[in-house]
Each structure stands twice: as structure tokens, then as C-alpha cells.
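Visitor:
Numbering (this note's numbering), first residue to last: 255 to 427.
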């Protein structure tokens with residue numbers, strides 16, 4: 255029984271290592287060093303984690319003394335757990351690379367595909383993109399369509415587009 259638990263722990267460690275190694279591959283070594291310096295500056299109590307008090311102290315050191323607790327809590331909520339250095343890198347990786355995770359983008363497209371066919375008609379998508387929220391220009395829609403798989407009937411394969419948005423190239427099949 256003990257050997258089974260040991261194997262389970264080893265497998266978990268490998269998964270955690272794999273997940274964290276991905277974030278380190280997103281940056282060059284010099285960038286990682288700069289992030290480490292920034293993390294160390296923010297981690298005022300040097301416990302290896304950034305918490306609300308660390309953020310409050312950092313703001314105070316920058317001369318901003320009236321930061322509301324709910325603002326600090328909102329910042330901390332952006333992370334999926336305690337903010338150690340790896341989580342810190344993950345947060346910056348998402349912000350700097352400017353895209354949401356693939357499943358988030360996919361779920362947004364699925365809202366326009368109630369029958370789960372895997373595609374949206376390009377005219378419907380163009381209308382939504384040009385009239386809602388952060389409105390796209392006609393040129394931006396045209397650029398998006400150029401890198402999208404659209405069939406003869408005008409249906410856009412949004413799963414393929416999600417892959418392109420998050421990975422930067424078309425998926426090989």
C-alpha cells in the first residue's frame with residue numbers, strides 16, 4: 255500500500271514540474287531574472303509568497319498609501335492560488351502574451367454555436383465583432399478571416415481559430 259502512495263506522489267511531482275517548466279520556457283533567462291528581482295521586491299516579508307500585506311507595503315514604498323483592501327484582494331484573485339514565484343511568472347506570461355487560455359476562448363465561441371457544430375457563420379461573427387464590446391474594425395475582421403478556416407458555405411471553424419490564437423500557427427492534422 256505504501257508503494258502505491260509513493261508512486262502517486264512521484265506522478266504528482268512530475269505533473270507539477272511539467273506545468274511549471276512550461277512557464278519558464280515562455281521567457282528568456284534574462285527576463286526570468288528580472289521577474290525574480292521584481293518578485294523579491296514585492297515579497298516584502300520574504301516568505302516566498304506575495305500576499306495582501308506585501309502588496310500594501312509595496313504600494314506604500316511607491317508613495318501610494320490609500321490603496322483599498324478590495325483592490326488588493328482583486329489583484330490576488332487573478333491567481334488561481336497562492337502567489338509564489340512560479341505563479342507570479344504564470345500571471346505575467348498570460349498578461350504579456352495577451353491571450354486567454356484556449357478553453358476560455360473556445361467557450362466564448364461556443365456561445366454562438368448552440369448546436370455544437372464546431373463552426374459559426376462568418377457573417378454572424380463579423381456582425382458581433384463589429385457591434386459589441388471592443389468593436390473590431392472591418393480591417394481587423396478581414397485579417398482574422400484570412401487566418402481562419404472558412405468553408406465554401408461561409409462557416410468558420412472556431413476550434414481551429416482558437417488554436418491559431420493561442421499557439422500562433424495552424425494545428426497539423
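Glycine included, each C-beta is placed from N, C-alpha and C at the ideal position.
I'd like the list of long-range same chain contacts for residue 302, defined as Cβ closer than 8 Å, with 5 residues on each side in sequence excluded.
Guide: As a first step, residue 302 is located in the chain shown; it is residue number 48 there, counting from the start. Excluding residues within five positions, the ones whose Cβ falls inside 8 Å are 338, 339.
Visitor: Is it buried or exposed for residue 319, if we count other Cβ within 10 angstroms and need 16 for buried?
Guide: Here residue 319 corresponds to residue number 65 of the chain shown, with the count starting at 1. Counting Cβ neighbours within 10 Å, residue 319 comes out exposed, since fewer than 16 surround it.
Visitor: Any idea what DSSP makes of residue 345, helix, strand or coil?
Guide: By 1-based counting over the chain shown, the position of residue 345 is 91. Three-state DSSP puts residue 345 in a helix.
Visitor: In whole angstroms, what is the alpha-carbon distance linking residue 418 and residue 332?
Guide: Working through the chain shown from its first residue, we reach residue 418 at position 164. Working through the chain shown from its first residue, we reach residue 332 at position 78. Each residue's Cα considered, the two are about 25 Å apart.
Visitor: Have a look at 380, 404, 330 and flag the residue whose alpha-carbon is nearest the alpha-carbon of residue 428.
Guide: Nothing can be reported for residue 428: it is not among the residues displayed for the chain, which extend from 255 to 427.
Visitor: Residue 341: buried (16+ other C-beta within 10 angstroms of its C-beta) or exposed?
Guide: One-based indexing of the chain shown puts residue 341 at position 87. Per the 10 Å Cβ criterion, buried.
Visitor: Of the residues 411, 322, 307, 292, which one's Cα is nearest the Cα of residue 367?
Guide: Position 113 of the chain shown, counting from 1, holds the residue named residue 367. That would be 411, whose Cα lies nearest to the Cα of residue 367.
Visitor: Need the endpoints of the beta strand (DSSP E) that residue 374 sits in, please.
Guide: Translated into the one-based positions of the chain shown, residue 374 becomes position 120. Counting along the chain, the beta strand (DSSP E) containing residue 374 begins and ends at 373 to 375.
Visitor: Using C-beta distances below 6 Å, list every residue in its chain close to residue 306, excluding the 5 sequence neighbours before and after it, in chain order.
Guide: Walking along the chain shown from the start, residue 306 turns up at place 52. Cβ within range, chain order: 326.
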